[in-house]
Amino acid sequence: MYIQKLVAIANGWNLAINGEPLVSAAPQAWKNGPVFRQIWDFIKEGGHKGPNCEIADPVTGQIVTAQINGSEQEIIDHVWKKYRNYTPQQLSDLTHQANSPWAHAYFEKGRNAEIDPERTRQYYIKLALAGRSHAEEEQALQTAGRINAA
């Protein structure tokens with residue numbers, strides 16, 4: 006579940022920031038949140054190996070690698086830094102928020118429905134704008150506190 010949720014979050018942020026998915030196939034709305042079926046199959050059949058828990062191809066046993074560009078790597082690094090200490094359940098809870106792309110697909114289209122990438126992109130854009138607004142409010146409060154203290 007941990008890998009699935011981190012990939013779903015990174016995919017959402019990449020859609021919002023770079024305008025394209027990080028993963029070629031759209032995730033599905035499973036009971037426990039967004040799931041990329043191909044990743045699930047690889048982990049189920051081939052598992053993960055080595056000190057970095059690489060995903061192995063279930064047929065060949067070879068470690069699966071991806072071709073990513075610099076901006077995609079930045080997204081992945083940011084998601085890892087921000088979410089690496091979350092438990093799988095906390096990550097699942099994040100992807101189950103009201104009005105999330107998962108909730109829309111699961112409750113409106115049905116279990117295992119494909120999650121719409123455009124809805125995902127819009128959802129993460131709103132999260133980014135809300136985060137920016139919150140950061141600006143925090144900055145204004147800190148600035149006001151310094152002015153009042155002077």
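Residue numbers (this note's numbering): 6 to 155. All residues carry an ideal CB built from backbone N, CA and C; glycine is no exception. These numbers were taken from a predicted model, which means no experiment stands behind them.
- [ ] Could you tell me the distance, in whole angstroms, from the CA atom of Gln72 to the CA atom of Ala103?
- [x] 33 Å
Open item on the list: Would Glu119 and Ala13 be called neighbours here (beta carbons separated by less than 9 Å)?
Closed with: Taking 9 Å as the cut-off, the Cβ atoms of Glu119 and Ala13 do not count as close.
- [ ] Classify Glu59 as helix, strand or coil using the three-state DSSP reduction.
- [x] strand
TODO: Please report how far the alpha carbon of Asn153 lies from the alpha carbon of Leu132, in whole angstroms.
DONE: At Asn153 the pLDDT is 48, less than 50, meaning the model places this residue with poor confidence and gives no usable figure here.
Open item on the list: Based on DSSP bridge pairs, tell me the residues matched to Val40.
Closed with: Gln33
Open item on the list: As a quick exercise: from Ser97, Asn37, Met6, His101, pick the residue whose alpha carbon is nearest that of Ile44.
Closed with: Met6
Open item on the list: What residue range does the alpha helix (DSSP H) around Asp82 cover?
Closed with: 75 to 88
Task: Three or more C-beta pairs below 8 Å linking the region 16 to 36 and the region 113 to 128 - done: Contact holds: three or more Cβ-Cβ distances are below 8 Å.
Open item on the list: Which residue marks the beginning of the alpha helix (DSSP H) containing Tyr7, and which one marks its end?
Closed with: 7 to 23 is the extent of the alpha helix (DSSP H) around Tyr7.
Open item on the list: Looking only at its chain, what residues have a beta carbon closer than 8 Å to the beta carbon of Gly136, apart from the 5 residues adjacent to it on each side?
Closed with: none
Task: Sequence-distant residues of its chain with Cβ nearer than 7 Å to Ile22 (five each side left out) - done: Ile80
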